[in-house]
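Structure, as structure tokens:
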Ligand code: COI
């Protein structure tokens, strides 16, 4: 059975109640589905697209929940019962729907498969008892649109997408793991699905959101990682797509990552594509270096992903009175600083990896230890504060956290 919900008159959050608990459909209740009512308060008007969100939900007896053994499950390998999808054609998005998780069907000539026209996002929902929290979701959706624009793809409506996302997370709340360090990873994705072998921007797209209960990105947890500085491959070049969260960026990093893993490293430390001199990113993360009393991260000059965790760290560190600079840092400055003790700490930031301490660098066949190779005090303080805000155990003076009802 299908429930139809008019988006134009929806509040930000939907509430789901067992069918049996309701003797009659109260006012404001649009329909019932599979033993469930989706109840909406009609008081708030969120008029953007006027599109109907259709939900096609599994009966409760067929739904799962986050497993107890979260730490045994490799990151991003387990998915929840439902997903969101909508289609773009004839110049507009249509048919937004929350439905059971299932494979998508693509024409073999779908343009995303040939030309890589695809973008995605990474965000998380956190559980704090009965509370479900999102971290800066509007920033992720805005970045999705910036990535889409760079790849000549259509924008999504930001309010509507936030609403769809919240509905999906609310429906799947049983999948949000309660264990410390665990969360529900959210992967909004947009791909070109028009079948055509000529190279141009497609006219047809699919946007979907899938959810995965996750533990730490690195199975070792909050432990320093060893990185190999790549002197051969580069991640992104000036004028390219390094600032967009597009699929090809990750594929382009695989060869160097494989080399790094072969050398006993977790990820690659990327240098700029032009001179192979300046530090850009650490694997799939933004990178920070603490020199004496200065915290530095490379500036957003087009080759670096504008990370939301990166920005949050900048805000926190500035608020704590640290000297924070977004400036270019050469690999020579870092290597010399590890010798002199000037480089006290290094860490990577990202939604998946949160804050990951960097303990050692492998560069041109030589190892360089960062600080004493252990987790630095600033790295730990930032991790504790950021995760405290994300899980709702620390105050959030920045208004970053959004509750899903
Ligand atoms: C994220 O940090 O959320 C990313 O998208 C990186 C990905 C490798 C998991």
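In this note's numbering, the protein residues as written are 11 to 415. From the three backbone atoms N, C-alpha and C, an ideal C-beta is built for every residue, glycine too. Just so it is clear, the structure is predicted and the values come from calculations on it, not from any experiment.
Are the beta-carbon atoms of residue i and residue j separated by less than 9 angstroms?
i, j, result
"residue 185", "residue 234", "no"
"residue 324", "residue 255", "no"
"residue 237", "residue 346", "no"
"residue 216", "residue 119", "no"
"residue 357", "residue 389", "yes"
"residue 199", "residue 218", "yes"
"residue 307", "residue 336", "yes"
"residue 96", "residue 110", "no"
"residue 298", "residue 320", "yes"
"residue 221", "residue 195", "yes"
"residue 108", "residue 65", "yes"
"residue 344", "residue 378", "yes"
"residue 253", "residue 247", "no"
"residue 372", "residue 261", "no"
"residue 86", "residue 197", "yes"
When the Cα of residue i is compared with those of the options, which residue comes out closest?
i, options, result
"residue 141", "256, 193 and 337", "193"
"residue 167", "152, 178, 388 and 179", "152"
"residue 342", "335, 221 and 353", "353"
"residue 397", "64, 258 and 410", "410"
"residue 213", "368, 196 and 121", "121"
"residue 286", "257, 293, 239 and 401", "239"
"residue 249", "283, 274, 269 and 338", "283"
"residue 164", "127, 258, 247 and 360", "127"
"residue 387", "182, 368, 138 and 225", "368"
"residue 293", "157, 243, 338 and 340", "243"
"residue 332", "103, 64 and 392", "392"
"residue 226", "138, 378, 380 and 79", "79"
"residue 159", "74, 318, 129 and 180", "129"
"residue 315", "134, 301, 372 and 150", "150"
"residue 280", "338, 326 and 76", "338"
"residue 300", "380, 402 and 86", "380"
"residue 173", "187, 147 and 188", "147"
"residue 364", "89, 191, 102 and 181", "191"
"residue 103", "123, 61, 125 and 83", "61"
DSSP three-state label for residue i, please.
i, result
"residue 257", "helix"
"residue 275", "coil"
"residue 352", "coil"
"residue 146", "coil"
"residue 304", "strand"
"residue 13", "Low local confidence applies: a pLDDT of 46 at residue 13 is under 50, so the model's placement there is unreliable, and no value is given."
"residue 402", "coil"
"residue 283", "coil"
"residue 55", "Unreliable positioning characterises residue 55 in this predicted model, as indicated by a pLDDT of 32, which lies under 50. The coordinate reading is nonetheless provided below. In the structure shown, residue 55 sits in coil (DSSP, three-state: anything other than H, G, I, E or B)."
"residue 80", "helix"
"residue 384", "coil"
"residue 270", "helix"
"residue 329", "helix"
"residue 393", "helix"
"residue 3", "Not covered by the structure: residue 3. The range shown for the chain is 11 to 415."
"residue 311", "coil"
"residue 347", "helix"
"residue 182", "coil"
"residue 167", "coil"
"residue 378", "strand"
"residue 323", "helix"
"residue 38", "Bear in mind that a pLDDT of 33 at residue 38, under 50, signals an unreliable position, so the model cannot answer this."
"residue 372", "strand"
"residue 68", "coil"
"residue 63", "strand"
For residue i, does the count of other Cβ atoms within 10 angstroms reach 16, so buried, or fall short, so exposed?
i, result
"residue 408", "exposed"
"residue 1", "Here the chain comprises residues numbered 11 to 415, so residue 1 is not present and cannot be evaluated."
"residue 328", "exposed"
"residue 162", "exposed"
"residue 376", "exposed"
"residue 385", "buried"
"residue 276", "buried"
"residue 413", "exposed"
"residue 209", "exposed"
"residue 268", "exposed"
"residue 114", "exposed"
"residue 322", "buried"
"residue 302", "exposed"
"residue 92", "buried"
"residue 187", "buried"
"residue 259", "buried"
"residue 157", "buried"
"residue 382", "exposed"
"residue 38", "Interpretation of residue 38 is limited by its pLDDT of 33, a score under 50 that renders its predicted location unreliable; no figure is taken from the coordinates."
Q: For the region 99–162, list the alpha helix (DSSP H) runs that are entirely contained and at least 4 residues long, ordered along the chain.
A: Fully enclosed alpha helix (DSSP H) runs of 4 or longer: 121–125 and 147–160.
**Q.** Sequence ranges, alpha helix (DSSP H) only - wholly within the region 185–262, length at least 4
**A.** Fully enclosed alpha helix (DSSP H) runs of 4 or longer: 257–262.
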